[in-house]
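S.K.: My questions will all concern the structure given below.
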Amino acid sequence: MLRNALFLALRYLRSAPGRTAVLIAGTTVALFLPLFTWRAAALLERTLLLRAERSPILIGAKGNEFDLTLSSLYFRGQVREPIGARELDRVRRAGYGLCVPLYVAHSAGRAPIVGTGLEYFEARGLEPSSGRLPALLGEVVAGAEVADRMRLSVGDAVRSDLQNLYNISGGYPLLLDVVGILAPSGGPDDEAFFADVKTAWALDGLFHGHSEVTREQAIDPQAAADENVEATTALFLFQEIDDTNRDSFHMHGDPGAAPLTSILVLPRDRKAHDLLLGDYALEQSVQAVQPIDVVRTVLGIVLRAREGLNAFFVIVALSTSAFFVLVISLSLRLRAREIALMRRIGSSRGAVATIVGAEIALVVAVAVALSGALTWGLLAVLARQLGA
Amino acid sequence: MSAAPAILVSGLRFSYPSPHGAASAAFHLELDDWRVESGARVALHGPSGCGKSTLLDLVAGVLRPSAGSIEVEGSDLTRLADDAVRSHRIRTLGFVFQDFPLVDYLDVLENVLFPYRLNRALRLDDEARRRARDLLAGLGLSGKEGRLPRELSVGERQRVAIARALVTGPRILLADEPTAGLDPEQSVAVMEQLETASRDRGLTLVMVTHDPEMLGRFDQTLAVEGLTRSANGVYHSLRSQ
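Residue numbers (our numbering), protein chains in the order written: chain A, 1 to 388; chain B, 389 to 629.
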């Protein structure tokens, strides 16, 4: 009977494609909205929490904790004030645990270039699927997604994005060698380039190389031999770091003042964790942030918004159900003759109900499949956006 | 005449309830004795609203009498449970309705096979499909199996409805005013098709008709004799001739 009911239901639904499409569309929307919202919120929650749990403490400039966490963990946005590199020496000397410098200020092909150290790859469990990790100045490894998007392979080169066309004293784009491609990690690391922190400073122009300054290029060619030579703008700055000029790269000024976005600390134990937080609690210019607390605060806002949306979805579901019932009851009224015919030629009430039920079931089944496919597709896009 | 009648009605009483309350009846039907022999062609005739269609529904088991017995092909419908009555109806009876209603969204072949789609008791197999095609061919509808009802003429629709009534191999054919609203030519064509089906298959034909011209084509007629009014409502009495 069920097979015959499905056959009749299918024929009936196909005979009125407009009405069937409206029913399916209405049901799909009513199912999709809450399904996608719940799943998307769960995905967001899971992704953010997982990353935050694996990043116990961040040390950064005093100020907005959200900016610090977002830029250090997800490479989104920039902190208003960086901290000096001497903070890294200080925290390393204190021996809290593994300390990883992070400097996120540049990009290549719109993917962030993260200046860090080899400790980062250890802390995140990242390994190259081809090539090697960056060991020298001017070398980068590409995350799996960004390598795929930019069709990069080992041996290629990428040019860093120009940050400010009108800042003639700032850094200029540098050509960087891709020495490795990271294996997919299912996180924001897939969407970034990683280089040694000195390479990132080179992009700032702090760490730089140029042609040798000769007396002919000096502002005062008559200066005594033991005096510093002041060069003119005719000095040629290297726009690519290679084996011929790598050793000539140098920094003027205080290396301890070189900027860092933050320092990721993985304390060796609970005691070191608490000591670090205690030590930084009274600091005036730097702070120690626990990303998990920041992410939970963000999620609290998301969850409150979701609760508000739930009430909206109930209204959508109720109005769709009412619409569905109305269409079905009107349809049954229009089909009174057909149903009377069924009854007279021997169909039971149950058989008629089965046929009508099969029509409803088919509409709902298609709507479930559509809303599921829509949810799945959009979640995949969202997951890619989140780096989940 | 066979010893076992196709239909045997005794002391039949049936009332439609009044909208004003259960104490009174809006419509009441009485039939003390009615016998239809197997293979006979019987006409039910009388004015509108006298209960002809109601009597067909009672014989079909669609309605239940308040008193009396209705034996159809040897089974007393009043003693059977609803499921058994429905099963009996499926196996024994074929219906042709006024206006020849077809299912708009099914093609001709599927309209003929419609009873098989509705009843668990009937098995839709190759044999049923072959029978449906043969019936359509016999009624001059060969090659139109895939058409929808809206693509057919009135006459073709009638023939599809007759094929649907015959496809399950019934022993009794009940026809409820199949010639109503048709011009004389169409009425004769429908009547001839029903007669042919009845004669060729040895079916008992019970047909409701308003048309006095048709009565001569039947072996037996059952006419409304007159109206009497009781304290409980309007009574229609039927008399066999």
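Ideal Cβ positions, reconstructed from N, Cα and C, are used throughout, including at glycine.
None of the values given here were measured: they were computed from a predicted structure.
Can you pull the chain B residues whose beta carbon is under 8 Å from the beta carbon of ALA351 (chain A), in chain order?
M.R.: On the first sequence, residue 351 (chain A) is found 351 positions in, with the first residue counted as 1. The contacting residues are LEU506, ASN507 and ARG508.
S.K.: Out of curiosity, what's the CA-to-CA distance linking GLY278 (chain A) and GLY63 (chain A)?
M.R.: Position 278 of the first sequence, counted from the first residue, corresponds to residue 278 (chain A). Position 63 of the first sequence, counted from the first residue, corresponds to residue 63 (chain A). GLY278 (chain A) and GLY63 (chain A) have their C-alpha atoms roughly 18 Å apart.
S.K.: Three-state secondary structure (DSSP) at ARG429 (chain B)?
M.R.: The count along the second sequence starts at 1 and reaches residue 429 (chain B) at position 41. DSSP places ARG429 (chain B) in strand when its eight states are reduced to three.
S.K.: If we ignore side chains and look at the alpha-carbon of each, how far apart do ASN620 (chain B) and LEU593 (chain B) end up?
M.R.: Locating residue 620 (chain B) in the second sequence gives position 232, where the first residue counts as 1. Locating residue 593 (chain B) in the second sequence gives position 205, where the first residue counts as 1. Per-residue confidence for ASN620 (chain B) stands at a pLDDT of 43, beneath the threshold of 50, marking its modelled position as unreliable; the derived number appears in the next sentence. Cα-Cα distance, rounded: 34 Å.
S.K.: Mind checking if ILE478 (chain B) is an interface residue toward chain A, Cβ cutoff 9 Å exclusive?
M.R.: Looking up residue 478 (chain B) in the second sequence gives position 90. Residue-level contact check: ILE478 (chain B) touches chain A, since one or more beta carbons of chain A fall below 9 Å from its beta carbon.
S.K.: Does the distance from the C-beta atom of VAL104 (chain A) to that of SER71 (chain A) stay below 9 Å?
M.R.: What you label residue 104 (chain A) is simply residue 104 of the first sequence in a count that begins at 1. What you label residue 71 (chain A) is simply residue 71 of the first sequence in a count that begins at 1. Cβ atoms of VAL104 (chain A) and SER71 (chain A): closer than 9 Å.
S.K.: Under the rule that 16 or more other beta-carbon atoms within 10 Å means buried, what is ALA30 (chain A), buried or exposed?
M.R.: One-based indexing of the first sequence puts residue 30 (chain A) at position 30. By the neighbour-count rule (16 or more Cβ atoms within 10 Å), ALA30 (chain A) is buried.
S.K.: Output the distance between the C-alpha atoms of ALA373 (chain A) and PRO453 (chain B), rounded to the nearest integer angstrom.
M.R.: By one-based count along the first sequence, residue 373 (chain A) stands at place 373. By one-based count along the second sequence, residue 453 (chain B) stands at place 65. Straight-line Cα distance between these residues: approximately 55 Å.
S.K.: Mind checking the segment 330-347 of chain A against chain B and listing, in chain order, the residues whose C-beta falls within less than 9 Å of any C-beta there?
M.R.: ARG337, GLU338, ALA340, LEU341, MET342, ARG343, ARG344, ILE345, GLY346 and SER347
S.K.: Roughly how many angstroms separate the alpha carbons of LEU443 (chain B) and LEU417 (chain B), rounded to a whole number?
M.R.: Locating residue 443 (chain B) in the second sequence gives position 55, counting from the first residue. Locating residue 417 (chain B) in the second sequence gives position 29, counting from the first residue. About 8 Å.
S.K.: Between the Cα of GLU459 (chain B) and those of B:SER403, B:ILE395 and B:TYR493, spot the shortest distance and give me the residue it belongs to.
M.R.: If you number the second sequence from 1, residue 459 (chain B) lands on position 71. A check of alpha carbon separations from GLU459 (chain B) across B:SER403, B:ILE395 and B:TYR493 identifies B:ILE395 as the nearest.
S.K.: Quick one, which of B:THR609, B:GLN581 and B:ILE560 has its alpha-carbon nearest GLY427 (chain B)'s?
M.R.: On the second sequence, residue 427 (chain B) is found 39 positions in, with the first residue counted as 1. For GLY427 (chain B), the nearest C-alpha among the options comes from B:ILE560.
S.K.: Mind checking GLU87 (chain A): buried by the 16 CB within 10 Å criterion, or exposed?
M.R.: The residue labelled residue 87 (chain A) in the question sits at position 87 within the first sequence. Here GLU87 (chain A) is buried: its Cβ has 16 or more other Cβ atoms, across all protein chains shown, within 10 Å.
S.K.: Can you give the Cα-Cα distance for VAL141 (chain A) and SER129 (chain A), rounded to whole angstroms?
M.R.: Translated into positions along the first sequence, residue 141 (chain A) becomes position 141. Translated into positions along the first sequence, residue 129 (chain A) becomes position 129. Approximately 10 Å between the Cα atoms of the pair.
S.K.: Under a CB-based cut-off of 9 Å, is ALA448 (chain B) close to chain A?
M.R.: In the second sequence, residue 448 (chain B) corresponds to position 60, counting from 1. Taking Cβ atoms only, chain A reaches closer than 9 Å to ALA448 (chain B), which makes this a yes.
S.K.: Count the other CB atoms, across all protein chains shown, that sit within 10 Å of the CB of GLY614 (chain B); report buried if there are 16 or more and exposed otherwise.
M.R.: Position 226 of the second sequence, counted from the first residue, corresponds to residue 614 (chain B). Reliability of the predicted coordinates at GLY614 (chain B) is poor, the pLDDT of 41 falling under 50, and no value is obtained from them.
S.K.: Can you give the beta carbon distance from GLY60 (chain A) to VAL79 (chain A), rounded, assuming they're within the 8 Å contact cut?
M.R.: Counting from one through the first sequence, the residue named residue 60 (chain A) turns up at place 60. Counting from one through the first sequence, the residue named residue 79 (chain A) turns up at place 79. Going by Cβ atoms, the distance from GLY60 (chain A) to VAL79 (chain A) rounds to 6 Å, so yes, they are a contact pair.
S.K.: Can you tell me the Cβ-Cβ gap for ILE292 (chain A) and LEU102 (chain A), rounded? I've got them flagged as a contact below 8 Å.
M.R.: Locating residue 292 (chain A) in the first sequence gives position 292, counting from the first residue. Locating residue 102 (chain A) in the first sequence gives position 102, counting from the first residue. About 17 Å separates the two Cβ atoms, so there is no contact after all.
S.K.: Could you check the C-alpha separation between ARG11 (chain A) and ALA358 (chain A) for me, to the nearest Å?
M.R.: Against the first sequence, residue 11 (chain A) aligns to sequence position 11. Against the first sequence, residue 358 (chain A) aligns to sequence position 358. Rounded to the nearest angstrom, the two C-alpha atoms are 11 Å apart.
S.K.: Let's test the definition: count the other Cβ atoms within 10 Å of the Cβ of ASP89 (chain A) and tell me whether it reaches 16, buried, or not, exposed.
M.R.: Residue 89 (chain A) sits at position 89 when you count from the first residue of the first sequence. It is exposed - the Cβ of ASP89 (chain A) has fewer than 16 other Cβ atoms within 10 Å.
S.K.: Just the C-alpha distance for ARG39 (chain A) and LEU303 (chain A), rounded to the nearest angstrom, thanks.
M.R.: In the first sequence, the residue the question calls residue 39 (chain A) occupies position 39. In the first sequence, the residue the question calls residue 303 (chain A) occupies position 303. Rounded to whole angstroms, ARG39 (chain A) to LEU303 (chain A) spans 12 Å at the Cα level.
S.K.: I need the DSSP call for HIS476 (chain B), collapsed to helix, strand or coil.
M.R.: For the purposes of this step, residue 476 (chain B) is taken as residue 88 along the second sequence, with counting starting at 1. Reduced to three states, the DSSP call for HIS476 (chain B) is helix.
S.K.: Compare the C-alpha of LEU341 (chain A) against each of B:THR597, B:GLY482, B:GLU515 and B:LEU523 and name the closest.
M.R.: The residue labelled residue 341 (chain A) in the question sits at position 341 within the first sequence. Of the candidates B:THR597, B:GLY482, B:GLU515 and B:LEU523, the one whose C-alpha sits nearest the C-alpha of LEU341 (chain A) is B:GLY482.
S.K.: With 9 Å as the threshold, decide whether the Cβ of ARG11 (chain A) is near any Cβ in chain B.
M.R.: Along the first sequence, read from residue 1 onward, the residue named residue 11 (chain A) stands at position 11. So, interface residue.
S.K.: May I ask which residues mark the beginning and end of the beta strand (DSSP E) holding GLY528 (chain B)?
M.R.: What you label residue 528 (chain B) is simply residue 140 of the second sequence in a count that begins at 1. Segment: none, GLY528 (chain B) is in no beta strand (DSSP E) and carries neither H nor E.
S.K.: Excluding the five sequence neighbours on either side, which residues of its own chain have a C-beta within less than 8 Å of the C-beta of PHE400 (chain A), listed in chain order?
M.R.: Only positions 1 to 388 of chain A appear in this structure, which leaves residue 400 (chain A) out of reach.
S.K.: Just reading off the alpha helix (DSSP H) that ALA579 (chain B) is part of, what are its end residues?
M.R.: Taking the first residue of the second sequence as 1, we reach residue 579 (chain B) at position 191. Looking at the sequence itself, residue 579 (chain B) is Met, so the reference to Ala does not match. Following the DSSP letters along the chain, one finds MET579 (chain B) inside the alpha helix (DSSP H) bounded by residues 572-589.
S.K.: List, in order along the chain, the chain A residues whose C-beta lies closer than 7 Å to that of ARG474 (chain B)?
M.R.: Translated into the one-based positions of the second sequence, residue 474 (chain B) becomes position 86. Correct list: GLY346 and SER348.
S.K.: Could you tell me which residues DSSP puts in a beta bridge with ASP421 (chain B)?
M.R.: In the second sequence, residue 421 (chain B) corresponds to position 33, counting from 1. DSSP output for ASP421 (chain B) lists B:SER398 as bridge partner(s).
S.K.: Along the segment 427-446 of chain B, what residues have a CB closer than 9 Å to any CB found in chain A?
M.R.: ASP445
S.K.: Given this structure, state the Cα-to-Cα distance separating ALA381 (chain B) from VAL327 (chain A), to the nearest angstrom.
M.R.: In the structure as shown, chain B begins at 389 and stops at 629. Residue 381 (chain B) is therefore absent and cannot be evaluated.
S.K.: With H, G and I counted as helix, E and B as strand and the rest as coil, what does DSSP make of GLU81 (chain A)?
M.R.: Here the question's residue 81 (chain A) lines up with position 81 in the first sequence. The answer is coil: DSSP assigns GLU81 (chain A) none of H, G, I, E or B.
S.K.: For the structure I just gave you, are there three or more beta carbon pairs, one from the segment 464-474 of chain B and one from the segment 513-526 of chain B, closer than 8 Å?
M.R.: no
S.K.: Taking PRO489 (chain B) as the query, report the chain A residues whose CB atoms sit under 7 Å from its CB, ordered along the chain.
M.R.: The residue given as residue 489 (chain B) occupies position 101 in the second sequence. ARG337 and LEU341, listed in chain order.
S.K.: Classify THR616 (chain B) as helix, strand or coil using the three-state DSSP reduction.
M.R.: Position 228 of the second sequence holds residue 616 (chain B). Caution applies to THR616 (chain B), whose pLDDT of 42 falls short of 50 and renders its modelled position unreliable; the value that the coordinates give is listed next. Residue state, collapsed to three classes: strand.
S.K.: Cβ-heavy atom distance between ALA455 (chain B) and the ligand NAP below 8 Å?
M.R.: The model depicted lacks the ligand NAP and carries no ligand whatsoever.
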